[in-house]
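Taking it in order: structure first as structure tokens, then the write-up.
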Amino acid sequence: MKKEHIEPKAVIVIFGATGDLAKRKLYPSIHRLYENGQIGDEFAVVGVGRRPWTNEDFRSTVERSISKFPLNEKDVDEFTSHFYYHPFDVTNPDSYQELNGLLEQLENTYHIPNNRMFYLAMAPEFFGTIAKFLKSEGVTSTNGWSRLIIEKPFGHDLPSAKALNQEIREAFSEDQIYRIDHYLGKQMVQNIEVIRFANAIFEPLWTNRYISNIQITSSEELGVEDRARYYEKSGALRDMVQNHILQMVALLAMEPPIKLNTQEIRSEKVKVLRAMRPIKKDEVDQYFVRGQYDAGVVDDKQVPAYRDEQNVAEDSNTETFVAGKLLIDNFRWAGVPFYIRTGKRMKKKSTQIVVQFKDIPMNLYYGNGNTMHPNLLVIHIQPDEGITLHLNARKLGGGTFAQPIKLDYCHNCGDGINTPEAYEKLILDCLHGDATNFAHWDEVALSWSFVDAISQYWEENKTLAPNYEAGSMGPKAADDLLAKDGFHWWPI
Ligand code: BG6
14 MKKEHIEPKA VIVIFGATGD LAKRKLYPSI HRLYENGQIG DEFAVVGVGR
64 RPWTNEDFRS TVERSISKFP LNEKDVDEFT SHFYYHPFDV TNPDSYQELN
114 GLLEQLENTY HIPNNRMFYL AMAPEFFGTI AKFLKSEGVT STNGWSRLII
164 EKPFGHDLPS AKALNQEIRE AFSEDQIYRI DHYLGKQMVQ NIEVIRFANA
214 IFEPLWTNRY ISNIQITSSE ELGVEDRARY YEKSGALRDM VQNHILQMVA
264 LLAMEPPIKL NTQEIRSEKV KVLRAMRPIK KDEVDQYFVR GQYDAGVVDD
314 KQVPAYRDEQ NVAEDSNTET FVAGKLLIDN FRWAGVPFYI RTGKRMKKKS
364 TQIVVQFKDI PMNLYYGNGN TMHPNLLVIH IQPDEGITLH LNARKLGGGT
414 FAQPIKLDYC HNCGDGINTP EAYEKLILDC LHGDATNFAH WDEVALSWSF
464 VDAISQYWEE NKTLAPNYEA GSMGPKAADD LLAKDGFHWW PI
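Sequential numbering of the sequence shown, starting at 14, is according to the numbering used here.
Below is the structure:
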């Protein structure tokens, strides 16, 4: 969808303004949009939170959160002057009335045509309450637009996600709801479609005739940090697979949309999720592997086991690692496994997709040990952003020997190239009313119904114990999952 070349004019209301996400991601992203001239001067940000802060407290917090970027003092003062703090009780209707008054006042000051973006960056248990009061107290009844951005987790399983969705839908229609999946804002995740649909050399090969398997790895060095209260109940399957990983699967597997608009792209992604073969409880062990990190060494530092982290139960069964094999039952993908893996406290922070092509029918050249290296297309999502194509070429002076070579394109390796933070792109998309890179309810529901069977089985079988060393690539069973099919994980 082409962006309008006009600067959006809106008040951004952030619920959870004193929280970690707002400080780490939202303020720096809004600042960059401001610095790059993408949101002009006619905007205001209202921070809402329980703490009794003043505008000055809030502005200093915003200033600190953007201070790791080079700043010019005058610009900072100008920028933070757009920020206003409003102490708030989410359960009290009067708070919403007062908020409405403040928004009207700011809309006059900044000549904003009643456009309001409500960003819920806080504990999910209040999402429904906030949406309900925003509507009942008239905060969403304006002459401009009202949009709601919601952070994950969007529910804990399908029933809870449905209940949450119903509550929110009483106040906002589906096209006003922007469900964040920050992976969809990443430069190279957005590039998956372009690589596929703008290259005649890939799209015709993008089928089960030529692709043998696809591997998606999203590994982290970090452990659970201070999020155990949430993570203990979530685990890697709900935290990473239900959303980020399945979104990447959908983008890799979808049919070309007839147009690049929100509705067409989403409907193709939904078809993939519908075609994903459900895993029955008695098949989970055959298709999925779970892991939990033990003590080990990451980045030359000794780190504790998951069970020894703060707020984690001594006998916790929560998985910090998941590997799985997905099958998509449609004409294009029948028989092609999509292998996925994600985990905390692994060897390296990296998100990477490897598309492995089938072997050529006959090997005329000799590679190492008489086998030819398969062609691979590697999409580097992070920290490097780029693609690598693995081909075979004649070995110098090698007669009939071939050797693997790599063609590399690195999007963010050049000096000074600073790719936009996912949040920066997503906030701008929402301001422009472009929901393409947000999750539609149908996608969320289908993803939950896929992972629910797996998590239920794991909850009933509390047999997980630490089974991979921190700093490794996960449990051995994750390697066996591919070895059974004659494959192996490509290095990250
Ligand atoms: C979040 C998860 O959605 O994604 C975190 O809740 C995880 O547990 C994070 O660390 C990973 O995001 P990124 O962008 O660092 O790969």
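Just so it is clear, CB atoms sit at the ideal spot from N, CA and C, and this is done for glycine as well. Nothing here was measured: the structure is a model prediction, and the numbers come from that model.
So, under 8 Å CB-CB, Tyr109 and Val152 are touching, yes? Tell me the CB distance rounded to an integer number of Å.
5 Å
Does the region 22-29 come close enough to the region 52-67 to have 3 or more Cβ pairs within less than 8 Å?
yes
How about His44 and Phe101: are their beta carbons less than 9 Å apart?
no
What are the boundary residues of the alpha helix (DSSP H) that Val262 is part of?
259-266
For Gln369, three-class secondary structure by DSSP:
DSSP, reduced to helix, strand and coil, places Gln369 within a strand of the structure shown.
Given a threshold of 16 other Cβ atoms within 10 Å of its Cβ, counted over all protein chains shown, does Met375 qualify as buried or as exposed?
exposed
Is Thr275 closer than 9 Å to Thr449 when the C-beta atoms are compared?
yes
Just to confirm, are Glu234 and Asp312 a CB contact at a threshold of 9 Å?
yes
Does the beta carbon of His195 fall short of 8 Å from some heavy atom of the ligand BG6?
yes
Simplified DSSP assignment, three categories, for Glu17:
Reliability fails at Glu17, whose pLDDT of 48 lies under 50, so the model's placement of it is uncertain and the value that follows must be treated cautiously. Three-state DSSP puts Glu17 in coil, outside helix and strand.
At what residues does the beta strand (DSSP E) containing His403 begin and finish?
399-407
Quick check on the DSSP output: the alpha helix (DSSP H) that includes Val457 runs from which residue to which?
454-473
Using C-beta distances below 8 Å, list every residue in its chain close to Glu17, excluding the 5 sequence neighbours before and after it, in chain order.
Note that Glu17 scores a pLDDT of 48, beneath 50, so its modelled location is shaky and nothing firm can be said.
Report yes or no: do three or more beta-carbon pairs, one from the region 186-202 and one from the region 395-410, lie closer than 8 Å?
yes
With burial defined as no fewer than 16 other Cβ atoms inside 10 Å of the residue's Cβ, what is the status of Cys443: buried or exposed?
buried
With respect to the beta strand (DSSP E) encompassing Thr122, which residues constitute its N-terminal and C-terminal limits?
Not the beta strand (DSSP E): Thr122 falls in the alpha helix (DSSP H), residues 106-122.
Close Cβ partners of Val89 (< 8 Å) along its chain, the five nearest in sequence each way excluded:
Glu76, Ile79
Decide if Leu6 is buried, meaning its Cβ has at least 16 other Cβ atoms within 10 Å, or exposed.
An answer regarding residue 6 cannot be provided, because it is not within the stretch 14 to 505 covered by the chain.
Could you check if Tyr528 is buried or exposed, using at least 16 other CB atoms within 10 Å of its CB as the buried criterion?
Outside the modelled stretch of the chain, which goes from 14 to 505, sits residue 528, for which no answer is possible.
When DSSP builds the beta bridges, which residues end up paired with Ser231?
DSSP lists Thr355, Thr364 as partners of Ser231.
Rounded C-beta distance between Val335 and Val237? I'm assuming under 8 Å.
That belief does not hold up - the Cβ atoms of Val335 and Val237 are roughly 15 Å apart, past 8 Å.
Between the alpha carbons of Pro350 and Thr31, how many angstroms are there, rounded?
44 Å
4 or more residues per run - each alpha helix (DSSP H) lying fully within the region 142-204:
Restricting attention to alpha helix (DSSP H) runs no shorter than 4 residues, the region 142-204 encloses them at 171-182, ordered along the chain.
Which residue comes first and which comes last in the alpha helix (DSSP H) that contains Arg129?
Premise fails: Arg129 lies in the beta strand (DSSP E), 129-133, not in any alpha helix (DSSP H).
If you measure from the CB of Glu322, is any heavy atom of the ligand BG6 nearer than 8 Å?
No, the ligand BG6 has no heavy atom inside 8 Å of this Cβ.
Quick check on this structure: which residue in Lys36, Tyr123, Lys87 has the alpha carbon closest to the alpha carbon of Ala23?
Tyr123
Beta strand (DSSP E) segment containing Leu340, residue limits:
It is not in any beta strand (DSSP E) - Leu340 carries neither H nor E in the DSSP assignment.
Assign Cys423 to one of three DSSP states: helix, strand, or coil.
strand
Please classify Lys81: does DSSP put it in a helix, a strand, or coil?
DSSP places Lys81 in coil when its eight states are reduced to three.
Does the Cβ of Thr364 lie closer than 8 Å to at least one heavy atom of the ligand BG6?
yes
On the three-state DSSP scale, how would you describe Val349?
coil
Quick one, are the C-beta atoms of Asp465 and Leu171 less than 9 Å apart?
Taking 9 Å as the Cβ cut-off, Asp465 and Leu171 qualify as a contacting pair.
For a test of the three-state rule: what should DSSP assign to Met375, helix, strand or coil?
coil
Which same chain residues, not among the five before or five after Lys408, have their C-beta less than 7 Å away from its C-beta?
Phe414, Ala415, Gln416, listed in sequence order.
At a cut-off of 8 Å, is Leu235 close to the ligand BG6 when judged by its beta-carbon and the heavy atoms of the ligand?
Within the cutoff, so yes.
Between which two residues does the beta strand (DSSP E) harbouring Arg303 extend?
301-304
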